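Undergrad:
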Amino acid sequence: MAVSKEARDKTGGGKATGAASPNGQQPAAEQTPDLGGERLLELYRKMLLIRVFEEATQRAFRQGKIGGYLHVYIGQEAVATGFLDAYREGDKVITAYRDHAHALLLGSDPNAVMAELYGRGTGIVKGKGGSMHLFDVERGLMGGYGIVGGHIPLGVGMAYALRYEGTEGIVQLYLGDGAIHNGAYHEAANLAGLWGKSGMNPTLFIIENNQYGMGTSVERATAMTDLGAKFDSYGIEHEKVDGMDVAAVIACARRATARVRETGRPYAVEALTYRTAPHGAADIKESYRTREEINQWRQRDPLGLVEQRLLDSGAADEGRLGALRDEVKARVDEAVRFADESPEPPLDELHTDVYADVAAQQETEPTHA
Amino acid sequence: MAVSKEARDKTGGGKATGAASPNGQQPAAEQTPDLGGERLLELYRKMLLIRVFEEATQRAFRQGKIGGYLHVYIGQEAVATGFLDAYREGDKVITAYRDHAHALLLGSDPNAVMAELYGRGTGIVKGKGGSMHLFDVERGLMGGYGIVGGHIPLGVGMAYALRYEGTEGIVQLYLGDGAIHNGAYHEAANLAGLWGKSGMNPTLFIIENNQYGMGTSVERATAMTDLGAKFDSYGIEHEKVDGMDVAAVIACARRATARVRETGRPYAVEALTYRTAPHGAADIKESYRTREEINQWRQRDPLGLVEQRLLDSGAADEGRLGALRDEVKARVDEAVRFADESPEPPLDELHTDVYADVAAQQETEPTHA
Amino acid sequence: MPELTYRNALRAALTEEMARDESVVLLGEDIGVYGGTHLITQGLLDRFGAKRVIDTPIAEGGFTGAAIGMAMLGLRPVVEMMTWNFSFLASDQIIQNAAKLRYFSGGQVGVPIVIRGPNGGGVQLSAQHTHSLENLYGHFPGLKVVSPVTPYDVKGMMLTAIRDPDPVIFLEAGALYGTKGEVPEEEYTVPFGKARVAREGKDVTLISYGRQVNLLLRVAERLATEEDVQAEVIDLRSIRPFDEETIVASVKKTNRAVAVQEQWRFFGVASEVAAVIQERAFDYLDAPVERVSGAEVPAPYARNLEEAAFPSEQQVIDAAHRVLYREG
Amino acid sequence: MPELTYRNALRAALTEEMARDESVVLLGEDIGVYGGTHLITQGLLDRFGAKRVIDTPIAEGGFTGAAIGMAMLGLRPVVEMMTWNFSFLASDQIIQNAAKLRYFSGGQVGVPIVIRGPNGGGVQLSAQHTHSLENLYGHFPGLKVVSPVTPYDVKGMMLTAIRDPDPVIFLEAGALYGTKGEVPEEEYTVPFGKARVAREGKDVTLISYGRQVNLLLRVAERLATEEDVQAEVIDLRSIRPFDEETIVASVKKTNRAVAVQEQWRFFGVASEVAAVIQERAFDYLDAPVERVSGAEVPAPYARNLEEAAFPSEQQVIDAAHRVLYREG
Ligand SMILES: Cc1ncc(C[n+]2csc(CCOP(=O)(O)OP(=O)(O)O)c2C)c(N)n1
Ligand SMILES: Cc1ncc(C[n+]2csc(CCOP(=O)(O)OP(=O)(O)O)c2C)c(N)n1
Ligand SMILES: [Mg+2]
Ligand SMILES: [Mg+2]
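The listed protein sequences derive, respectively, from chains A, B, C and D. The first sequence lines up with residues 1 to 369 when you count with this note's numbering. The second sequence lines up with residues 1001 to 1369 when you count with this note's numbering. The third sequence lines up with residues 2001 to 2328 when you count with this note's numbering. The fourth sequence lines up with residues 3001 to 3328 when you count with this note's numbering.
Following this line, the structure appears as structure tokens:
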């Protein structure tokens, strides 16, 4: 668990409604809903699961148990936790490669998620996709994707399909601050705006603005740094939210999802947040930002803020929090054990899932291979 | 010559400063510069050359003398005429496939342009490119391009190179209303804005908003139809101009080019105009617009407006205009004759201009072919 | 049997399948109000409405990606690529998403999409508008790639394509939209992965696909009449899956083969054909497999240069002579 | 001779050429402040400044296109594709503009650009991050495509690439950035279009490029030690132009060939190699040319599946046995 007692104290109480982010961007002031002690505790448990899970994946990466790329969600927990709190059955969720949190929040089995990262046959996508490609279609998770921006058109198309089929579902479409400069974003957002005119595009765009695309700050990626306002070009309304404060995110998510569901029109929220971990588990160089900056953001760590509020309001004491931590840690330990003990995928899985029809696949296999 | 006496009369005098376009979009009011009779006559001659030239290409297309795609500039003459009036040696011009006017205005030999369309060896690019790919590098024409939006990044890169080399040149980058929805536009405009922050991007974006991308009106292509305002996303300032009024365009072009040249920062102008001809010479179906709409725009035909002004101001009488028409027609006839009489490219031209080094090319040629 | 043009056969397939299956939707530039730049979708907007016939902005990557998203939720989008030349802009969506989603989702997601449009050159559209991209898309597992040349096949394969649970790259012979052929009134489908023997013969096998098949038929006719050489003509039809069997069986009979492609030589379909034949009919071959390809240059505009850039009857006849050792 | 890693040899080439020629500029994602995700460009921002080492947003099509525009005015941009997997997004710019501009401008414009980055798989990056795109780009006239595997070649070919007046697709063996080899201190260049005989032998020719060359060298060693079979190993190095001569000369000597590629089988480089050999060494071939390719599946993540998806020593040895008729 990364949130120290000191950091928590420094946040200076639970005042988390619409606070300015350190870079000075100002989200719209938000009425913090009165979440109630048990509800807040439940949210805390979810965020804690993400945090502890991610720390375990980082360890496993260092141990060589997880290969390829690994991108963790540490520092950003409040964003997906808050938005997915407004998830309703029938909704669809799509995001990029920083996708573990989204799976866990939608209720995917942590064992299967961890096993995927370990490349095991028991993984959520059978060990075929790895960290960047978590899917849990039954729970609405339509995938993690590795090409920056490439999933945005998919989400917009899904939103169309949901209305075409006459459902009430919406799409929660997560994208990074770096992705917004890609043409895929522009073309898809324009389609969303256009299709939304006839109520055929219930897409909620959620910009996870964690201030950097890999090592490139927002300021170094565009001359116009108000990312939410980039949706003006498509006739899509937007707002900002303090992405470190889960209560603010929840309030925003409620309104925004309701609005999108009702109108069938897209809407965009820029969540101001921060990735306190390196971009990827292998990217230890952080020449692009300072220790001070990281520490400054850590003072508004999303878990720290909730802990403080729980303690201040008396909803929980240190004992209760400690018990919760132990419980979550045990759950993650179990996931690690499960992954570690799971077998690799059987070799014949190499050739399945290329086409629906395995025969079609075989016809293209080399004669001798 | 397409502008009838009647149409001219209907324009109701020379009042052409910042008039609203028929679709109601309102360009910024513009002080019409006092161009003076001879100067106006010279502009008229240029626009007339384009018009008569384009009409000749349409005839040649119908006769089967021009193949492939052919996109004419009829109705839009004031735009390129006005902007290229502000061209200075060392500037670069890049546009899409609707490029004949740009070549003629930059002083390319009409014979060579027509011969290109005829696919002759005397063509401006040796008969290799055709209508969509006119180049006259010596005169700053860096090409016509066939992939919608694909030339926009090239223009932005050129602007960078001009400043990198320490020149005063700027890039006039023309794009259609349809191109603006393409990702190439978005990525390039963002780069322009970003590089412009350090004065490294003297790009003048000129949106030739002729209301349609092929058969798709602006309203059917995007929910946010103020195309100039799409540059807000990149920190690029912009304005609109009445693209039917060459005097308004010239005034705008002067200011805009001076500003871009001085600052090294990009700027965008949306020229509201109309293509009275079909999209391409082969596209005779016009199910996407009405006769009335075309006629309404024809009343503000850019040539008609100038003719009226010339007559009203006494700068020219019908006799003078008639002589000018004859002169221009003779020039175009000569181009047609030249093209018609020119030989096809020699067959060995097939294999040149693939690589700088012809030997490199030969190595890739099939053994028997 | 009634005769239909290639264009009308294609439209018939789309119409019938849209009538039969509500999940079929069309997307593309100017396919609706404008009626389709090649008139393939003419009348469909009126019949099926704007929710099913979706005009898009000029954003090939965006709308192809959106269509993939629709397919992931069970729709069956048919995307018109106005011409395949614009598909580089959608290649990331096609290759990175459509082709691989089933795999990297561990089988949780399928992408029943068809992407169709005219492929190939021959009408003086010059460098940026002249490509034959069968090898490009055919390289990627997860895609199916077909290239029908007759009205019969284009209709039957379009029905197969729309019903296929996986992404299909449907390369139409754009230069032949107006050509006629017999098309039954009854419903039928043409399977993927089966080449067609377009003409039987015993002396030499000529292999191609798309509009070059017609060239081969002309050549075969000339060889038969002028030289009494009986050429077998194979129309691959399906590029992926690739029908090795039909090719190999024919060459085992004729012992000689010429592979012809409009596209460029390197890493083209003809390279694969030659590689397969030498692999699987090595002992039957009386001469090396010959290839005839487009010239190694971007497509030129001038009519005479363009003509010289594509395989000609004479080039194919010369190649046939070489494999028959009838040179000179 | 001093030893350098592949990475450092590459950086040395960039550094020397930037020092020599002011028109050389670099563009790419995180090549400056971050130092390059693969550290190729580390230190270059400090040395050459932000005008020449240009960090870009995540917009492969946009910045590649902009670099092409720069090249059209005489700069010599070297673009880093963070990995080639992202290049589909730039493929329209590369294929429609860079490759063809000289042609459709009638020779008025050249595009002296280099686009470089790691190609190929092997480090569990799974389906969207594992491609070998040599055949894709190698198909298009107007491009040059190279794929060096030794530190010596990567430096010498990078210098050739930057000085080349035409666009060069520079495919690096990403999995080998850390491997060492001899690199002279004096300036030298390695020409395009010449394959390298990486090991001489008389019994069978093994042909590949990129990191698979190392696999072939291991196989050749095993064949020599274990079976006294002397395999000749050919490293193509240059995919376009393609060196037929070296291949054909070798096969005329050995009479047997195995072509190996990490990429997928269909329309791959090995298809071309097989087609060329049977075309030009038909009478010398004692067995059909064998191909060993990657499995026909999107790249899987799990280590064991990924391993099974790429050519193995055993597969190559088996193929060699088949062409030597030593089966079983
Ligand atoms: C098209 C593409 N280009 C480059 C990359 C390499 N890359 C992976 S993540 C990343 C940064 C993305 O930043 P952002 O969208 O802000 O997401 P974050 O990592 O901050 O969550 C880059 C450049 C990629 N995966 N895809
Ligand atoms: C990427 C791409 N998609 C589609 C086309 C086909 N196409 C040619 S012109 C055109 C319309 C472009 O409209 P606009 O940019 O407004 O230019 P205009 O023709 O009005 O001058 C289309 C769709 C193309 N050439 N390139
Ligand atoms: Mg980010
Ligand atoms: Mg237009």
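Just so it is clear, CB atoms sit at the ideal spot from N, CA and C, and this is done for glycine as well. Just so it is clear, the structure is predicted and the values come from calculations on it, not from any experiment.
How would you call Asn-3008 of chain D, buried or exposed, if buried means at least 16 neighbouring beta carbons within 10 angstroms?
TA: Here the question's residue 3008 of chain D lines up with position 8 in the fourth sequence. By the 10 Å Cβ count, Asn-3008 of chain D comes out buried.
Undergrad: To the nearest angstrom, how far is the alpha carbon of Gly-3332 of chain D from that of Gly-3121 of chain D?
TA: No answer is possible for residue 3332 of chain D: the residues shown for chain D start at 3001 and end at 3328.
Undergrad: Given 7 Å as the limit, tell me if Val-1148 of chain B has its C-beta closer than that to any heavy atom belonging to ligand 2.
TA: Here residue 1148 of chain B refers to the residue found at position 148 when the second sequence is read from its first residue. Because some heavy atom of ligand 2 lies under 7 Å away, the Cβ of Val-1148 of chain B counts as near it: yes.
Undergrad: Which residues does DSSP list as the beta-bridge partners of Arg-3291 of chain D?
TA: Residue 3291 of chain D sits at position 291 when you count from the first residue of the fourth sequence. Arg-3291 of chain D pairs with D:Ala-3259.
Undergrad: When DSSP labels each residue in this structure, what does Leu-297 of chain A get in the three-state scheme?
TA: Numbered from 1 along the first sequence, position 297 holds the residue referred to as residue 297 of chain A. Sequence check: residue 297 of chain A is Trp here, not Leu. Note: Trp-297 of chain A maps to helix in three-state DSSP.
Undergrad: So which residues on chain A does Met-2072 of chain C lean against when the C-beta distance must stay under 7 Å?
TA: Mapped onto the third sequence, residue 2072 of chain C falls at position 72. What Met-2072 of chain C touches in chain A: Met-142, Leu-154 and Met-158.
Undergrad: Can the beta-carbon of Gln-172 of chain A be found closer than 8 Å to that of Val-93 of chain A?
TA: For the purposes of this step, residue 172 of chain A is identified with residue 172 of the first sequence, where counting begins at 1. For the purposes of this step, residue 93 of chain A is identified with residue 93 of the first sequence, where counting begins at 1. Yes, these two residues count as a Cβ contact at 8 Å.
Undergrad: Which residues in chain A have a C-beta closer than 8 Å to the C-beta of Tyr-1234 of chain B? List them in chain order.
TA: In the second sequence, the residue the question calls residue 1234 of chain B occupies position 234. Per Cβ cutoff of 8 Å: Thr-222, Ala-223 and Met-224.
Undergrad: Using a Cβ-Cβ cutoff of 8 Å, what residues of the segment 1175 to 1205 of chain B are near chain A? List them in chain order.
TA: Hits within the stretch, in order: His-1181, Asn-1182, Gly-1183, Ala-1184, Tyr-1185, His-1186, Glu-1187, Asn-1190, Gly-1193, Leu-1194, Gly-1196 and Lys-1197.
Undergrad: Using a threshold of 7 Å, is the CB atom of Tyr-2006 of chain C nearer than that to any non-hydrogen atom of ligand 4?
TA: As a first step, residue 2006 of chain C is located in the third sequence; it is residue number 6 there, counting from the start. For ligand 4, not one heavy atom lies less than 7 Å from the Cβ of Tyr-2006 of chain C.
Undergrad: Which term fits Leu-1350 of chain B, buried or exposed, when burial requires 16 or more other beta carbons within 10 angstroms of its beta carbon?
TA: As a first step, residue 1350 of chain B is located in the second sequence; it is residue number 350 there, counting from the start. Classification of Leu-1350 of chain B: buried, given that the 10 Å Cβ count is 16 or more.
Undergrad: So Tyr-164 of chain A contacts chain C; which residues on that side make the cut at Cβ distance below 8 Å?
TA: Taking the first residue of the first sequence as position 1, residue 164 of chain A is located at position 164. Near Tyr-164 of chain A (Cβ distances below 8 Å), the residues of chain C are Val-2025, Lys-2051, Met-2070 and Leu-2075.
Undergrad: Look at the alpha carbon of Arg-3011 of chain D and the alpha carbon of Val-3078 of chain D, and state the distance between them as a whole number of angstroms.
TA: Here residue 3011 of chain D corresponds to residue number 11 of the fourth sequence, with the count starting at 1. Here residue 3078 of chain D corresponds to residue number 78 of the fourth sequence, with the count starting at 1. In a straight line, the C-alpha of Arg-3011 of chain D is about 12 Å away from that of Val-3078 of chain D.
Undergrad: So for Met-1244 of chain B, helix, strand or coil by DSSP?
TA: For the purposes of this step, residue 1244 of chain B is taken as the residue at position 244 of the second sequence. The answer is coil: DSSP assigns Met-1244 of chain B none of H, G, I, E or B.
Undergrad: Can you give me the C-alpha to C-alpha distance between Ala-2275 of chain C and Val-3024 of chain D, rounded to a whole angstrom?
TA: Position 275 of the third sequence, counted from the first residue, corresponds to residue 2275 of chain C. Position 24 of the fourth sequence, counted from the first residue, corresponds to residue 3024 of chain D. If you take the alpha carbons of Ala-2275 of chain C and Val-3024 of chain D, they lie about 41 Å apart.
Undergrad: Kindly give me the distance between the Cβ atoms of Phe-1061 of chain B and Ala-1281 of chain B, rounded to whole angstroms, as I take these residues to be in contact under 8 Å.
TA: Reading the second sequence from its first residue, position 61 is the one you call residue 1061 of chain B. Reading the second sequence from its first residue, position 281 is the one you call residue 1281 of chain B. Phe-1061 of chain B to Ala-1281 of chain B, Cβ: 4 Å. Contact.
Undergrad: DSSP three-state call for Met-1047 of chain B: helix, strand or coil?
TA: Here residue 1047 of chain B is taken as the residue at index 47 of the second sequence, counted from 1. Helix, per DSSP.
Undergrad: If you check the beta carbons only, do Gly-3294 of chain D and Gln-3263 of chain D fall under 8 Å apart?
TA: Counting from one through the fourth sequence, the residue named residue 3294 of chain D turns up at place 294. Counting from one through the fourth sequence, the residue named residue 3263 of chain D turns up at place 263. Yes.
Undergrad: Lys-1230 of chain B touches chain A at which residues, Cβ-Cβ below 7 Å?
TA: Reading the second sequence from its first residue, position 230 is the one you call residue 1230 of chain B. Neighbours of Lys-1230 of chain B on chain A, chain order: Ser-233.
Undergrad: Going along the segment 1330 to 1356 of chain B in order, which residues come within less than 8 Å of chain D, judged by CB to CB distance?
TA: Answer in chain order: Thr-1352, Asp-1353, Val-1354, Tyr-1355 and Ala-1356.
Undergrad: Keeping to the same chain, check which residues put their C-beta closer than 8 Å to that of Leu-3324 of chain D; ignore five residues upstream and five downstream.
TA: Counting from 1 along the fourth sequence, the entry for residue 3324 of chain D is found at position 324. Taken in chain order, the residues that qualify are Asp-3203, Val-3204, Val-3229, Arg-3256 and Ala-3287.
Undergrad: Whose Cβ in chain B lies nearer than 8 Å to the Cβ of Asp-3092 of chain D?
TA: In the fourth sequence, counting from the first residue as 1, residue 3092 of chain D sits at position 92. The contacting residues are Ile-1147, Gly-1150 and Ala-1184.
Undergrad: So, does the CB of Arg-3240 of chain D fall closer than 8 Å to a CB anywhere in chain C?
TA: One-based indexing of the fourth sequence puts residue 3240 of chain D at position 240. It does: the Cβ of Arg-3240 of chain D has a partner Cβ on chain C nearer than 8 Å.
Undergrad: Would a check of beta-carbon distances place Gln-2314 of chain C closer than 8 Å to chain A?
TA: As a working mapping, residue 2314 of chain C is identified with position 314 in the third sequence. Chain A contact via Cβ: absent.
Undergrad: For ligand 1, any of its heavy atoms closer than 7 Å to the Cβ of Phe-3086 of chain D?
TA: Translated into positions along the fourth sequence, residue 3086 of chain D becomes position 86. True, at least one ligand heavy atom lies under 7 Å from that Cβ.
Undergrad: What three-state label does DSSP hand Thr-167 of chain A in the structure shown?
TA: Start at 1 with the first residue of the first sequence, and residue 167 of chain A comes out as number 167. Coil, per DSSP.
Undergrad: Could you spell out the range, first to last residue, of the beta strand (DSSP E) harbouring Asn-1209 of chain B?
TA: If you number the second sequence from 1, residue 1209 of chain B lands on position 209. Note, Asn-1209 of chain B: beta strand (DSSP E), 1203 to 1209.
Undergrad: Provide the residue(s) that pair with Arg-3076 of chain D in DSSP beta bridges, ordered along the chain.
TA: On the fourth sequence, position 76 is the one that residue 3076 of chain D refers to. Arg-3076 of chain D pairs with D:Val-3024.
Undergrad: So, helix, strand or coil for Gly-3106 of chain D, using DSSP?
TA: Along the fourth sequence, one-based indexing puts residue 3106 of chain D at 106. Correct three-state label for Gly-3106 of chain D: coil.
Undergrad: Run through DSSP, which three-state label would Pro-2118 of chain C get?
TA: Counted from its first residue, the third sequence places residue 2118 of chain C at position 118. Note: Pro-2118 of chain C maps to strand in three-state DSSP.
Undergrad: What do you get for Pro-1202 of chain B, buried or exposed, if any count of 16 or more other CB atoms within 10 angstroms of its CB means buried?
TA: Taking the second sequence and counting its residues from 1, the one referred to as residue 1202 of chain B is at position 202. With 16 or more Cβ atoms within 10 Å of its Cβ, Pro-1202 of chain B is classed as buried.
Undergrad: Can you pull every residue whose C-beta falls closer than 7 Å to some heavy atom of ligand 3, listed in chain order?
TA: Per the Cβ criterion, the list is A:Gly-176, A:Asp-177, A:Gly-178, A:Glu-208, A:Asn-209, A:Asn-210, A:Gln-211, A:Tyr-212, A:Gly-213 and A:Arg-275.
Undergrad: Return no unless some Cβ of chain C is closer than 8 Å to the Cβ of Trp-3264 of chain D.
TA: On the fourth sequence, residue 3264 of chain D is found 264 positions in, with the first residue counted as 1. By this cut-off, Trp-3264 of chain D is an interface position.
Undergrad: Return yes when the Cβ of Ala-2309 of chain C is within less than 8 Å of the Cβ of Ala-2299 of chain C, no when it is not.
TA: Start at 1 with the first residue of the third sequence, and residue 2299 of chain C comes out as number 299. Start at 1 with the first residue of the third sequence, and residue 2309 of chain C comes out as number 309. Closer than 8 Å, so yes.
Undergrad: Taking 7 Å as the cut-off, is the CB of His-1071 of chain B close to at least one heavy atom of ligand 2?
TA: The sequence position of residue 1071 of chain B within the second sequence is 71, counting from 1. It does: the Cβ of His-1071 of chain B is within 7 Å (strictly closer) of some heavy atom of ligand 2.
Undergrad: Which first and last residues belong to the beta strand (DSSP E) in which Asp-2055 of chain C is found?
TA: For this step, residue 2055 of chain C is matched to residue 55 along the third sequence. Counting along the chain, the beta strand (DSSP E) containing Asp-2055 of chain C begins and ends at 2053 to 2055.
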